[in-house]
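Peer 1: In the numbering used here, the protein residues as written are 467 to 520. The structure is given below, and queries will be raised subsequently.
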């Protein structure tokens, strides 16, 4: 994981903007992963129940 390091020459507004953008990207990635994992878990559970019932 790369740390969010702000160069000293950068302006504060730009640093805040970039950190906010990175945070949004991280949250988007997390939500995507959670959605995919949740979908896979639901499908696996349904498949397991179908296998068990037959």
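No residue lacks a Cβ here, since even glycine has one placed at the ideal position from N, Cα and C. If you're wondering where the values come from, they're calculated on a predicted model, not measured in any experiment.
Alpha carbon to alpha carbon, how far is residue 520 from residue 500? Give it in angstroms, no decimals.
Peer 2: Straight-line Cα distance between these residues: approximately 30 Å.
Peer 1: Where does residue 516 fall in DSSP's three states?
Peer 2: Residue 516 falls in the helix class under three-state DSSP.
Peer 1: Give the straight-line distance between the Cα atoms of residue 485 and residue 506, rounded to the nearest whole angstrom.
Peer 2: Roughly 31 Å between the two C-alpha positions.
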